[in-house]
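The structure under discussion appears below in the form of structure tokens.
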Amino acid sequence: MGGEKVDRKRLWQVVALILIALYAVMFALDWKFSLALFPLILVVVGMVVFRLGGA
30 MGGEKVDRKR LWQVVALILI ALYAVMFALD WKFSLALFPL ILVVVGMVVF
80 RLGGA
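Set out below in structure tokens:
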């Protein structure tokens with residue numbers, strides 16, 4: 030990746046869009062299922078941001 034510093038604002042926008050899209054799809058499929066998976070999604074997204082952010 031060249032070791033460049035990732036623009037955090039842009040990164041958060043991308044993550045937010047992905048999270049919203051995933052959640053919208055799951056909510057449409059089954060709202061109980063999406064509620065159960067929500068914490069798991071938060072953990073996964075948090076891990077991705079943590080790695081990309083280089084924190």
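Mapping of the sequence shown onto the numbering used here: position 50 corresponds to residue 79, and the numbering continues sequentially without gaps.
Glycine is no exception: its CB is placed at the ideal position from the N, C-alpha and C atoms.
Please read all numbers here as calculations on a predicted model, not as lab measurements.
Worksheet item: Taking Cβ to Cβ, would you say L40 is nearer than 8 angstroms to L69?
Response: As a working note, residue 40 is residue 11 in the sequence shown. As a working note, residue 69 is residue 40 in the sequence shown. No. Outside cutoff.
Worksheet item: Smallest Cα separation from V73: which of A57, Q42, I47, D59?
Response: Translated into positions along the sequence shown, residue 73 becomes position 44. Closest by alpha carbon: I47.
Discussion item. Which residue wins for smallest C-alpha separation from F67, given the options V78, V43, I49?
Written reply: Sequence index remark: in the sequence shown, residue 67 carries index 38 (1-based). Of the listed residues, the one whose Cα sits closest to F67 is I49.
Discussion item. If I measure Cβ to Cβ from V44 and keep anything under 8 angstroms in the same chain, skipping five residues before and after, which residues do I get?
Written reply: The residue labelled residue 44 in the question sits at position 15 within the sequence shown. Excluding positions up to five away in sequence, the list reads V74, V77, V78.
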